[in-house]
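Heads up, the thing below is written out as structure tokens.
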Amino acid sequence: MKIQILGSGQDAGIPQIGCYCPTCKRARRYKRYRRLGPSIALLDKGKGYCYLIDASPDIKYQIDMLKKEDITIKRKGKLPISGILLTHAHLGHCSGLWYFGREATEERNLPVFCTSKMRQFLIDNYPFNLLIRRKNIKIKEVFQGKAFKISGIKCIPIEVPHRNEIADTVGYRIQSQKNVLYISDVDYWTDKVIEEIDNVDIAIIDGTFYSKYELPRFRYVPHPPIEETIKLLEHSKTKIYFTHINHSNPINWNRKEKKYIKGKGFHSAFDGLVLNI
Ligand SMILES: [Zn+2]
Ligand SMILES: [Zn+2]
Ligand SMILES: [Zn+2]
């Protein structure tokens with residue numbers, strides 16, 4: 393099985409809508425500097441499956457990335473995906489579902505895995521309730537800390553602290569030959585989550601900001617800054633990749649910060665990165 397990073401950007405990606413900072417300008421000019429909205433694929437060509445975690449607003453480009461893989465999916469659907477695992481209800485993580493309705497692919501019973509609070513949010517709100525009613529998507533409820541299987545892969549939803557004004561937030565632990573943890577969005581690290589990171593082989597985690605001073609409204613959208621996460625986890629044996637990277641993050645352009653991360657044994661994710669697990 394392999395994991396492909398389909399989007400390593402914060403919810404709105406890079407370039408950000410309406411932003412003309414040097415990072416966003418450069419990303420408009422050169423495709424290789426872009427970061428799509430957060431999403432990863434868990435796929436196995438031989439076994440005929442491909443699941444996404446997070447349904448970003450850039451899903452149509454992310455499906456194109458998967459198309460190149462030429463996977464024959466066992467489930468009969470219009471897109472090369474077997475199902476979607478949701479983490480939470482913010483823009484970058486669930487708005488891609490809208491593409492499964494009438495105005496786009498009109499999928500049939502695409503399995504969508506989520507917690508009960510997230511399920512209730514989807515049931516209560518347009519356009520998601522329409523997708524359910526029209527059987528474009530089919531909700532499969534999962535429970536924090538309780539394992540479930542998709543095409544034989546064991547997944548465990550892990551509760552993480554994040555501003556939960558709408559529903560709750562989870563990351564996922566994926567158990568294959570290697571154990572992988574994916575936490576795209578978190579406000580701060582708790583001892584429990586740090587322990588989860590320490591207990592896997594690979595962790596793909598929130599690296600939205602490098603420092604807490606780079607965005608004036610940081611206190612309204614808190615994330616653990618990379619420089620603090622490194623201090624907390626520098627002795628961890630886990631291979632750690634930062635994702636969900638904001639356009640303000642200096643690792644997009646600054647060699648010094650990039651070098652520091654690398655020197656400490658950490659990695660930054662990029663769109664298209666493939667990890668064999
Ligand atoms: Zn996010
Ligand atoms: Zn920008
Ligand atoms: Zn969020």
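Note that the numbering used here has the sequence shown beginning at 393, numbered continuously upward. Don't be surprised by glycine CBs; every beta carbon is placed ideally from N, CA and C.
Is residue 590 near ligand 1, judged by its Cβ being under 7 Å from some heavy atom?
-> Answer for residue 590: no, Cβ out of range of ligand 1.
Three CB pairs or more closer than 8 Å across the segment 630–649 and the segment 584–601 = Short answer: they touch.
With distances taken Cα to Cα, identify the nearest neighbour of residue 561 among 598, 452, 567.
-> Closest option to residue 561, judged by alpha-carbon separation, among 598, 452, 567: 598.
CA-CA distance, residue 623 and residue 470?
-> Residue 623 and residue 470 have their C-alpha atoms some 45 Å from each other.
Among 667, 610, 618, 440, which residue has its Cα nearest to the Cα of residue 658?
-> Measuring from the Cα of residue 658, the nearest candidate turns out to be 618.
Name the residue from 600, 569, 601 whose alpha carbon lies nearest to the alpha carbon of residue 668.
-> Closest in C-alpha terms to residue 668, from the list 600, 569, 601, comes 569.
Roughly how many angstroms separate the alpha carbons of residue 614 and residue 600, rounded to a whole number?
-> In this structure, the straight-line span from the alpha carbon of residue 614 to that of residue 600 is close to 9 Å.
Which one or two residues does DSSP pair with residue 436 in a beta bridge?
-> Beta-bridge annotation (DSSP): residue 436 is paired with 441.
How far does the beta strand (DSSP E) with residue 571 in it reach, from first residue to last?
-> DSSP places residue 571 in the uninterrupted beta strand (DSSP E) bounded by 571–575.
Through-space distance from residue 468 to residue 381, alpha-carbon basis = Not covered by the structure: residue 381. The range shown for the chain is 393 to 669.
To the nearest angstrom, how far is it from the Cα of residue 373 to the Cα of residue 417?
-> Since the first and last residues shown for the chain are 393 and 669, residue 373 lies out of range.
Check whether the Cβ of residue 608 sits closer than 7 Å to any heavy atom of ligand 2, and report yes or no.
-> The closest heavy atom of ligand 2 lies 7 Å or more from the beta carbon of residue 608.
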